[in-house]
Every structure is written in structure tokens, then in C-alpha cells.
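What follows is one structure encoded as C-alpha cells, with my remarks underneath.
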Amino acid sequence: MSATNARLKSRLGIALIAVALAVLPFVVGAGFGNSWVRIIDFALLYIMLALGLNIVVGFAGLLDLGYIAFYAVGAYLYALLSSPHLAQAFPALFAAAPGWPVWLVLPLGAGLAGLCGVLLGTPTLKLRGDYLAIVTLGFGEIIRIFLNNLNAPANITNGPQGINNIAAVHIGGHALNRPLELFGIVLPGVHLHYYFFLALTLLVIFVCVRLQDSRLGRAWVAIREDEVAARACGINTRNVKLLAFGLGATFGGVAGGLFASFQGFVSPESFGLLESIMVLCMVVLGGMGHIPGVILGAVLLALLPEALRWGAVPMQQSLFGKVLIDPESLRLLLFGVALVLVMRWRPEGLWPSALRRRELSTHAADGA
Amino acid sequence: MDIFIQQIINGLVLGSIYALVALGYTMVYGILGLINFAHGEVVMIGALTALTAIGLLLPAGLPGPMLVLAGLLIAIPVCMAVGFTVERIAYRPLRHAPRLAPLITAIGVSIVLQQLAMIGWGRNYHTFPALLPTAPHQFAGAAITDLQIIIVLTAAVLMAGLVWLVNRTRLGRAMRATAENPAVARLMGVDVDRVISFTFVLGSALAAVAGVMVAANYSIAHYAMGFMLGLKAFTAAVLGGIGNLGGAMLGGLLLGIIESLAAGYIGDLTGGFLGSHYKDVFAFFVLILVLVFRPSGLMGEKVAERA
Amino acid sequence: MTQHVPLRPLSVLAAACMLAACGQQSDAPAPSASVAADAGGATLTVRLGHVAPLTGPQAHLGKDNENGAQLAIDDLNAEKMLIGGRVAKFELLGEDDQADPRQGTTVAQKLADAHVHAVIGHLNSGTTIPASRIYHDAHIVQVSPSATNPTYTRQGYKTAFRVFADDVQQGSVLGAFAVSTLGAKKIAIIDDRTAYGQGLADEFEKAARAAGASIVTREYTTDKETDFAAILTKVKSTRPDLVFYGGMDTQAGPMARQIKTLGLAVPMLFGDGGCTVEFHKLAGDAAEGNYCSLPGVPLEQMAGGNAFRERYKAKYNSEIQLYAPYAYDAVRVVAEAMKQAGSTDTDKFLPALAALNYPGLTAQIQFDEKGDIKDGAITLYQAKSGAWQALETMGGKASN
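Residue numbers (my numbering), protein chains in the order written: chain V, 283 to 650; chain Y, -1 to 305; chain G, 13 to 412.
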């Protein structure tokens, strides 16, 4: 009786969430304008990125400060395959406008990013935690520098100019950046992207949940908690860590491809160190290793700058008569303060898993 | 040949600055096992504080070197205070937290210091007045300025002083004991908290000097100058063997020279395929190679994995 | 009208006011209230978006652009221009793109949502290009006062205009100047690996080679670097007659100092990014003798240029940084096209803008079929006794 009742409740909850997600762009668009729908689209990309990084940092406990490089790899592969750039740069090799279908390009980008993850991981995963952090940071910068400079001798990435005219995702012959009329309702491009990104985000969440509960997921946790013990239990730690790196990178690659298609333009400056740190903050603030927490962190941090822009400026205006701290530095300032405070008072994050909270508090108790 | 000598000189000057900053990283890492990302920002605060102080003192009509010295003497205590406060507020509560926590805090502190500096000093580049002689001397066909000689010498003297302090004084012994094993050091009567505070303060004082050197040598200072410098200095510390004072100096000088030579010769060596735009790639590549093949650095001893 | 002001217009209003530094908060109608204002029949509210980085390292340039645009808005409102028989009241919605492409598209979307009548901006090519796609899709006219990357107007977007010579024009003039006027035969080129610096350096290289000079080395730095000793030593070893730098004043200034320190006695030449007051401050004594170019004619030679400088100084209590006069003109040409078309409707005034022949502050403004300014003049300057002295003005080659 009570079991069916609970099941009914959870089904009702899921149905409510589904309806809320479905109407969200309309409510937001009508209330605040489509630029907010665009911001939500970016927030979905950040959720994917944060979930990917969460596999590496949260599940396997490997600190990766260059995660954005995989995002860049996915974005550039999409850009190269869906823009006229290669045909212009190498007319002999590539036919004009390749027009690869998205169902091929996105997995390719994901695969390439995953391969990069494994390639980076192979020599470096034996390193201690903080050394690994620095190596990944260096790797991220190296990728960015190469993207920025590979316009000569052969023009592969178009250098700092970036790649322009990237085709939007086409589904059923319809480009997502064009408005679509459906049952008398006109869906603007940002709405279409929202639904597309939402579908993929849900897929990523599903994969993450399944991974967490799998044998592999438990192996990651074992390594995070005690690598020596994990090895003694018969876990091939090297392969399992490589899988974490590879899978995390794969998600980054997917998000990168979507970013390129949505933006229509990629350039190396979008893939700096600060972006890596931002994604890391999402994972850390939300709750390392806890999927709902990471999603919360990603949404909060993706919306924060916009909220500040809209809220902090008028507030300072009315309080002081002028703007003392501009929203961007206020955002970064809050960002930094939040990192310090969360680590000090709530290292398990804003929304930790019950298990993780217990672990961290015992850690603190026996002074590891 | 004169060009080669010039590149070595360039590398030495840059490397001396890296080395001074690297000392701060390496001391903190040696004792706490913490990568203090915020250290680069302390360098920046040193540079901007000295600049402001000099700007205020300029009307007093003191001779140039006196002004720089005065700026330095004001910047050093300010940086010490910053280092002390950061350790007290941000790092000390986390001393027994899991390893990732202080690292993430350090990133947060770095962002906070940078933004506070931006609010305080604005986002424009500030020019450092030309107070020290910058007329170049010719040396075997290469140019070197008095200022650059002063930088290299100051760095050398400070490093020698630091080695003396760590190896020959009571406090130094306490530092070494704490680095070896804080719990045992405490049992032996070492006030571990004070030693750690002192380490931060000392590293920050060196950072202040480095900051003034950077600002004087390049004639500019701005709020974002610290981060990349800090990263490079950290690379230098790792290259030399983190936790090892001699290693930090060697690593700093080597990295400076590697960067200069890379920027100068990489194009010729690769037949124009790679150019000076890959200078930073070189620095990071060296870092990765060292960490992968000799994680203990050039002069470090083998360190076991700390959980 | 203030009874049920929702959050959004209020904050837009406040943001616009703070960005535009206007004090008369009380009488500026909220953007969504323009229809209400129209109903009065007397005035027509024209809302123009302005986008530039107002935070970050280029904030001083972004603010300068916005100030220039705001001066034009003030003038237009004082002139009580008639559009379609109604007095136009111009408003500026200032937005900050942080010189970041992603932020650039977000604020572009925001302006598109706000149904602004036209957009002035962005400042950087890196943000202008991705944003232009959104403006094009939303059918909003965009006039950039300062983006110089040729790609911007070569995407086939009818809505994209600029009132500033592009890198092709500027690079070709700089190349010709370096070789024929300065007589440089061996030139070293350095760029900062940004879209602007690398783009300009490439165009310069083409033009200099075409004019018969040899490029002895091509070196690179970044837009955050302060140490150029290594690359300048390399440059010194190639014994050039001239060092060309593609990049901004924040690197050009310190670079000039380090060139002097290294005993490399050759002048530097750079484009508009280094042609600033700031360069003199950053380079100190080493500024003397270097050359730079700036699209357009010198402010002193513009009709009304000196008056513009005085008014700018009086209002903002600072010197013009760089592009303010062009931002001013960008607003003026849009207003003029609206006046000629008698409408603020894009369909009506876009053809008028494309066909415009308008005596602007900076130049006689006419657009070619791409939306670029026709035959944009470019002036060369030399640093003498702490200021930029105009040397000569060269007509830009029509770009294609």
C-alpha cells in the first residue's frame, strides 16, 4: 500500500519535473526574454561539462585542471567538419561544405576527445594528486596554444581568427538556429537548442547514474578512497583510471561540439584556464561525486554572472549612486570567496551524497 | 655568439625572478604539501604596493635608488601581512582536510586577491617610474643594464641568506623538522603553527622583492601580472625538485634560460615549423616531462606517495 | 507607467543609465514603454544597442567607445531630428561583452530580444563576428566602429557595416609606408597571436613583401606578456631596419622600452591598437620616434574634431582613448539613414544606410557593397615629444 503510494509519488514528481522542463523556455522567454533561454542553453552545456569532469574528479578522485581542453577538441572537430574552413584552406583535399550529419560529427568529436583523454592519461596517471593537477593544467594550456597557432605552416585551425560560419545542427532537415513552426507555435532557435541540449543532458545524466552504480563506478570509488587497497582487491587501477579520464573527456567532447554548433564560431580564447577552473568550481561547489549536486553547481555558476549583471548593478546604483565594483569582478570575487568558504565549512559541497558526507567528516576526524 | 650570450643574460634575469618566486612555492610545499596558487598574486601585490608608495614619495625628491628601496621596504611588510592572513584564514583550518581541499582553496584565494587588487588599483597598466639606471652596458657584444645586474645579485644574496637561515638557525631547524614530520616536530617542542606562519611570511617577503624587480625591470605592473608568473615559478620549483631550496633556484634559472633559448632558437631548429609562439608550450612540456620521468625533480629525493 | 514595472525593464533602465553615465534617470522611459511614448505622437523613441568590453583589460577602450556613442546620442537628442515627421528621442542600451565571444553572443541575443533598432559595436573582431550572425538572423543593423577583421563584412550579411578601415586596408597602407616612405628593406614582424594582432601582421607582411621588402623574421608574443627580451634578441640578430608589431598598446609600450634597452636602434611601427595616449605612458622615453597608423584623418583635421575633443573632455573628464569618434559616427550614420528613410524599420532604413553618403566627423562616409567604408583614409603618426604627430594621410586601397 505504502510502497505503491511512494511509487506513485515519485512518478508524479518525475512527471512534474518533465512538464516543468518542457515549458521552461516559454516561461523564461516570456518573463525575461530569449537571452535568458540562451543562458539556460549554455547552462545545459555546463551541466554536461561538469558531469564529465565529475567522473574524473568526483568519482575517481583525480584533479584535472585542464579539462576544458577536451571541450576544445570536441568544438574544433565539429567546427572543422561543419564549416567551409577546410575546403577553403585545402581546396585540393576537401570538397566544399562537407555537411557531415550531426549524428556522425558529435560521436567523432566525443571519440577524439576521449582518445586525447587516454593519451594524456597514459603517461601521467601514476602521478600524485597535485602533480597530476599541474600536468593537466599544462596540457590544457598546450592544447590552447596549439589551437591558437596552427594556422601556419598549414592552416588547420585558422589560428587566433577562429573558425566561422559553422553550420548549426540539422535535425530532420531543419537547422536548429532557424525558428520552427509547430502546431501553430513558433519555436525560436534558442528553444530548439534547448530541447536538443536537454535531451543530450538527460542522456549524459543517465549514463552517469548507470556508471556510478556499475562495477566500474565502484572501482573508481575504491581507487579514490585507497588506491593500494583497490589494487590489492584485484582492480587494474591503471586501466580503471584511464577509463575515467577517457569517459570524462568524451562528455567534454560532446559538449564542445554542441558549443561550436550553437555559437557558430569557435576561437581559442574560449578555452582558457579560467574556464577549466570554472567547471571545476561547479563540481566542487555542488558536491564532488554526487550527480544532483554537480548539476546544481553547474546551474548556479552558469546563472550567477547573469544574475549579478541584472541584480548587482542596479543595487549598487541605488545604494551608492554609482557602480563601485563591476559585475564581472564581483562575480569572480564571489567565486573565489565561495571556493574558500565551501572548502572551509562544507567541503562535501552544497548538496553532497549522504555517503560522501560521512566519508569526509570521518576524514577530518582522524586527520588524514 | 653575442646573440647567444644575450639570450643567456635574458634567461638569467628572468630566471632570477622565477627562482625568487619559486622559493616561496617550494618552502610552503615542503612544509605543508600545498601548492599555494595564491603566491603569484602576492608578487603582484608587492609590485603594486611599491609602485603606489613610490608614487606618494616621488614629490619628496629623494634619489631614485632610495625611492625604490623605500617602496620595497613598504611592500615587504604589506606582502608579509597578506601571506600571514591568507595562511591563517584560508589554509590553517584545512590542515587536516583531504588533499584536494587546500588546493581548491588556493585557487579561490588567488582569484580573490586578484579581484581585490583590481578593485583597489584599477585594471589599467601602471608604469613604474624609471628610477634606476637602465642605460645598457656592452658585455661581449650583449647588452645588460645596471638594473638587471642588481636583480641577479639581489636574488643571489637573498637565496644565500635563505639557505643560511634554513640550515644554520634554530628557526630553520624547526622548519626542517616540521617539513619532515609535523607531529613529531610538535612533540619535540616545535611550535608548528608558528613555523608554518613564518614560512608563509618569509615566502611573501621574497615575493615582494620579486614583485618590485619585475615591475622595475619591465617598467609596468598590473593586477593580472601574478598568475602566469606564479605558474612559471611553480614549474621552476617542480623542475628543480619541489620542497628543495637549491632545486628551486636551479629550476628557476634553468627555466628562464630554457624559455629564452626556446624563444630565440626554436624557429631555426625546427626549420620554421615551430616559432616563438610555442615558448610557453616548451615550459609546460618541460614540466610534464620532468613530472612523468623524474617526479622528484632534478635535485629532489624520491618522495613516497602521500595519501 | 511605473506602477507595475517588472524586474527586467527596471534593471535594463538602470544598467543603461549607469553605462551611459546619464543622470536623468527619472525621465528616461523604460525600453518596453517606447510604444506608449509613440502613442503620444510627438516623439519617436529610437533605441540603439552599444556593445564593447566594459570590464577586463580593454575596458578603457570599451568605455571610450560608449562615451563616443553617448555623445552622438546627446547631440541627436539636442538637435531634435525628425524621423518620418516625428521628433526622435534616441536612447543607448549599453552592454558589456567582456571581449569574450560567448558573452558577445549572449548580449547580442539580449539586444535582439529588446528589439533595438540598431546596434553599435562590438569593439573587438572576436566578438563582432559571432554576434553578427545573431543580428543578421534577428534582422538588426550592426555598425562596428572598431572591429577591423576583414571576415566581419565578408560573411554575406547585409546587416553588417563598419565605419573603420579594415585590416586589409590598414595593412596595405602600413606596408607601403614602411617600404616607400621609411625605406625599410629588412623588416621584423612580431604579433600577439590575437585575432587583431595576427590579422593585421599578416596583411602587413603581404603588403611589405609586395612592395619589395624582405621579412627577416616573424616572432610572436601574447597579449599578456611583459617580457620580450628573448624574441627581441632574436630580432636583433637579424639586423632589421624596422620592427612591425601587430598588437595593443599594453605590449607595444613595454616592447619599445626593451628594444631600447637591448640597444636595437630601429623604430617600431604598429597599427591603431598601439596608437594611443597610453602608449606614451607605457613606453616613457622609448616612445620617441616610433610610428603608428590610425584609420581616418587626425582629429585636428576633422571638421569639428577639436570641438569634439573639448566636449568629450568636458563631459567625461578624460582624453579620447581611441575609437570614440568612430563610435560617434556609427551612431550618426544610423540616425541619418533613419532620417532619410523616414523610418526606424530595418527594411526601410537599411537600403538608405547602404546608399548613404554622409559627411561624418571622421570621414565622408559611404559604404561599399560589403558594408565596409569606401576608401577609408588612414593616417600615419610619429611619436614626437610625448605625443603622436600626424605625418601624412594615405587613402586606403578599396578592399575586395
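We treat Cβ as the ideally placed atom computed from N, Cα and C, and that holds for glycine.
Predicted, not measured: the structure shown is a model, and the values here were computed from it.
Original post:
Which residues in the same chain have their Cβ closer than 8 Å to the Cβ of residue 352(G), if we skip the five residues on either side of it in sequence?
Top reply: 361, 364, 368.
Original post:
Under the rule that 16 or more other beta-carbon atoms within 10 Å means buried, what is residue 304(G), buried or exposed?
Top reply: By the neighbour-count rule (16 or more Cβ atoms within 10 Å), residue 304(G) is buried.
Original post:
With 16 as the cutoff for other CB atoms within 10 Å, does residue 79(G) come out buried or exposed?
Top reply: Classification for residue 79(G): buried.
Original post:
Hey, how far is the Cα of residue 403(V) from the Cα of residue 232(Y)?
Top reply: Roughly 22 Å between the two C-alpha positions.
**OP:** Could you pull out every unbroken alpha helix (DSSP H) segment of at least 4 residues lying fully inside the segment 161 to 244 of chain G, listed in chain order?
**Re:** The segment 161 to 244 of chain G contains these whole alpha helix (DSSP H) runs: 179 to 188, 207 to 222.
Subject >> The beta strand (DSSP E) enclosing residue 50(Y), as first and last residue numbers >> reply: Looking at the DSSP string, residue 50(Y) is not in any beta strand (DSSP E); the run it does join, the alpha helix (DSSP H), is 37 to 55.
Original post:
Should residue 32(Y) and residue 26(Y) be called a contact, given that it needs their Cβ atoms to be closer than 8 Å?
Top reply: Taking 8 Å as the Cβ cut-off, residue 32(Y) and residue 26(Y) qualify as a contacting pair.
Original post:
Would the beta-carbon of residue 391(G) fall within 8 Å of that of residue 405(G)?
Top reply: Taking 8 Å as the Cβ cut-off, residue 391(G) and residue 405(G) qualify as a contacting pair.
Subject >> Given 8 Å, three or more beta-carbon pairs between the segment 60 to 67 of chain G and the segment 105 to 118 of chain G >> reply: Yes: at least three Cβ pairs fall under 8 Å.
**OP:** Just mark residue 103(G) as buried or exposed, buried being the case when its beta carbon has 16 or more other beta carbons within 10 Å.
**Re:** Classification for residue 103(G): buried.
**OP:** Determine which residues share a DSSP beta bridge with residue 108(G) and list them.
**Re:** Answer by DSSP bridge pairing, in chain order: 64(G).
Original post:
What's the call for residue 139(G), buried or exposed, on a 16-neighbour Cβ count within 10 Å?
Top reply: Buried, because 16 or more other Cβ atoms sit within 10 Å of the Cβ of residue 139(G).
Original post:
Terminal residues of the continuous beta strand (DSSP E) containing residue 371(G)?
Top reply: For residue 371(G), the enclosing beta strand (DSSP E) begins and ends at 369 to 371.
**OP:** Please list the partners that residue 508(V) has in chain B, where partner means a Cβ-to-Cβ separation under 8 Å.
**Re:** Note that chain B does not occur in the displayed structure, where the protein chains are V, Y and G.
Subject >> Residue range of the alpha helix (DSSP H) that includes residue 383(G) >> reply: Judged by DSSP secondary structure, residue 383(G) falls outside any alpha helix (DSSP H); it is assigned neither H nor E.
**OP:** Using the Cα positions of residue 607(V) and residue 117(Y), report the straight-line distance between them to the nearest angstrom.
**Re:** Distance between the alpha carbons of residue 607(V) and residue 117(Y): 7 Å.
Subject >> Continuous beta strand (DSSP E) assignments of at least 3 residues falling wholly in the segment 68 to 107 of chain Y >> reply: DSSP runs (the beta strand (DSSP E)) wholly in the segment 68 to 107 of chain Y: none.
Original post:
So which of 459(V), 468(V), 376(V) has the shortest CA-CA distance to residue 478(V)?
Top reply: It is 459(V).
Subject >> Those runs of the beta strand (DSSP E) which lie wholly inside the segment 369 to 431 of chain V and span at least 3 residues >> reply: Listed in chain order, there is nothing to give.
**OP:** Rank 70(Y), 55(Y), 10(Y), 7(Y) by C-alpha distance to the C-alpha of residue 209(Y) and give the top, closest one.
**Re:** Residue 209(Y) has its Cα closest to that of 70(Y), out of 70(Y), 55(Y), 10(Y), 7(Y).
**OP:** Report yes if the C-beta distance between residue 618(V) and residue 109(Y) is below 8 Å; otherwise report no.
**Re:** Annotated as proximal: residue 618(V) and residue 109(Y), with beta-carbon spacing under 8 Å.
Original post:
Whose CA, out of 91(G), 157(G), 256(G), lies closest to the CA of residue 201(G)?
Top reply: Distances from the CA of residue 201(G) to each of 91(G), 157(G), 256(G) were compared; the closest alpha carbon is that of 256(G).
Original post:
Is the Cβ-Cβ distance between residue 85(Y) and residue 195(Y) less than 8 Å?
Top reply: In this structure, residue 195(Y) lies closer than 8 Å to residue 85(Y) by Cβ.
**OP:** Just tell me which of 397(G), 328(G), 383(G), 247(G) has its CA closest to the CA of residue 163(G).
**Re:** Selected option, being the one with the closest Cα: 383(G).
Subject >> the segment 405 to 416 of chain V in contact with the segment 334 to 354 of chain V per 3-pair CB rule at 8 Å >> reply: Touching, yes, given that three or more Cβ pairs across the two stretches are closer than 8 Å.
Subject >> Partners in chain G for residue 442(V), counting only beta-carbon separations shorter than 7 Å >> reply: Ordered by position in chain G, the residues that pass the 7 Å Cβ test against residue 442(V) are 205, 206, 207, 210.
**OP:** For residue 545(V), return the contacting residues in chain G, with the cut-off set at a CB-CB distance below 8 Å.
**Re:** By Cβ distance, chain G contributes 113, 114, 117, 142.
Subject >> Cβ contact (3+ pairs, closer than 8 Å) linking the segment 205 to 216 of chain G and the segment 244 to 260 of chain G >> reply: In short, these stretches touch, since the Cβ pair count reaches three.
**OP:** Could you tell me whether the Cβ of residue 557(V) comes closer than 8 Å to any Cβ of chain Y?
**Re:** So no, residue 557(V) is outside the interface.
Subject >> Closer than 9 Å at the beta carbon, the chain G residues around residue 134(Y) >> reply: Per Cβ cutoff of 9 Å: 272, 273, 274, 275.
Original post:
Should residue 321(V) be labelled buried (16 or more other beta-carbon atoms within 10 Å of its own) or exposed?
Top reply: Residue 321(V) should be labelled buried.
**OP:** My understanding is that residue 234(Y) touches residue 249(Y), with C-beta atoms under 8 Å, so please give their C-beta distance in whole angstroms.
**Re:** Indeed they touch by this definition, with Cβ atoms about 4 Å apart.
**OP:** Leaving out five residues on either side along the sequence, give the residues of the same chain with a beta carbon under 7 Å from the beta carbon of residue 205(Y).
**Re:** Apart from sequence neighbours up to five positions away, the residues of its chain that approach residue 205(Y) with a beta-carbon distance below 7 Å are 19, 22, 37, 40, 41, 44, 77, ordered along the chain.
**OP:** Let me know if residue 193(Y) comes out buried or exposed under the rule of 16 or more other beta-carbons within 10 Å of its beta-carbon.
**Re:** When all chains shown are included, residue 193(Y) counts as buried.
Original post:
Under a three-way DSSP split, which group does residue 620(V) fall into?
Top reply: Residue 620(V) falls in the helix class under three-state DSSP.
Subject >> DSSP bridge partner residues for residue 282(G) (one or two, in chain order) >> reply: The beta-bridge partner set that DSSP reports for residue 282(G) consists of 257(G), 304(G).
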